Amino acid sequence: MGWKADGFARMGCVLGGRDALSVYGYCSSDNYMTFLEFEDVKEELLRGFCLIKGNGSYNIVDGVKCSPMPKAMIDLMKFDYDDSAINESLDCMTDEEIESIKEYAEKTNNSKILKDKRWSEYFG
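Here the sequence shown stands for residues 1 to 124, where the numbers follow UniProt numbering.
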């Protein structure tokens, strides 16, 4: 069934995807985890992200993608879905993590998304 939640926590990961959580049996009481959900723009499937601090992007378990945290957050912010899940995650982040999202957005020409009124209190 893949890695247990404590395995993710030891790696310094933040697991995302409420539906992925139900499929893989992770729960909200697990340490070091913040939950997001992401629906593919084509709505073909619901995918969860495992947000990890580091470089690269790879799969840990089927259907759960592992990406650097800033990349995953920008990817999530680009699509329409439950904004409260993103806000919930941003509320849990440190100033350094928020800054890393800003830096990634600028580096990848995605800084326009940060000007959206939904995120202004975090990136304003």
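For each residue, glycine too, the CB sits at the ideal point set by N, CA and C.
Keep in mind it's a predicted model, so treat the numbers as computed, not measured.
**OP:** Determine, using beta carbons only, whether E121 comes closer than 8 Å to chain C.
**Re:** Looking for chain C here will not work: only one protein chain is present.
Original post:
Given that a residue counts as buried once 16 or more other Cβ atoms are within 10 Å of its Cβ, and exposed if not, what is S120?
Top reply: Exposed, because fewer than 16 other Cβ atoms sit within 10 Å of the Cβ of S120.
Original post:
Shortest alpha-carbon distance to K117 belongs to which of N87, S100 and E96?
Top reply: From the listed residues N87, S100 and E96, the smallest Cα separation to K117 is found for N87.
**OP:** Could you round the C-beta distance between L90 and K102 to whole angstroms and report it? I think they count as a contact, below 8 Å.
**Re:** A Cβ-Cβ separation of about 12 Å leaves L90 out of contact with K102 under the 8 Å criterion.
Subject >> Boundaries (first-last residue) of the alpha helix (DSSP H) holding M77 >> reply: Run containing M77: M69 to M77, per the alpha helix (DSSP H) assignment.
**OP:** Excluding the 5 residues preceding and the 5 following N110 in the sequence, name in chain order all residues of the same chain whose CB lies nearer than 7 Å to its CB.
**Re:** The residues are I74.
Original post:
Roughly how many whole angstroms lie between the Cα atoms of D83 and L76?
Top reply: Those two C-alpha atoms are separated by around 9 Å.
Subject >> Three-state secondary structure (DSSP) of N115 >> reply: According to the sequence shown, residue 115 is Lys rather than Asn. K115 falls in the coil class under three-state DSSP.
Original post:
Ordered along the chain, which non-local residues of its own chain (more than five positions away) have a Cβ less than 7 Å from that of Y104?
Top reply: Once the five neighbours on either side are set aside, the close Cβ partners of Y104 are P70, K71 and I74.
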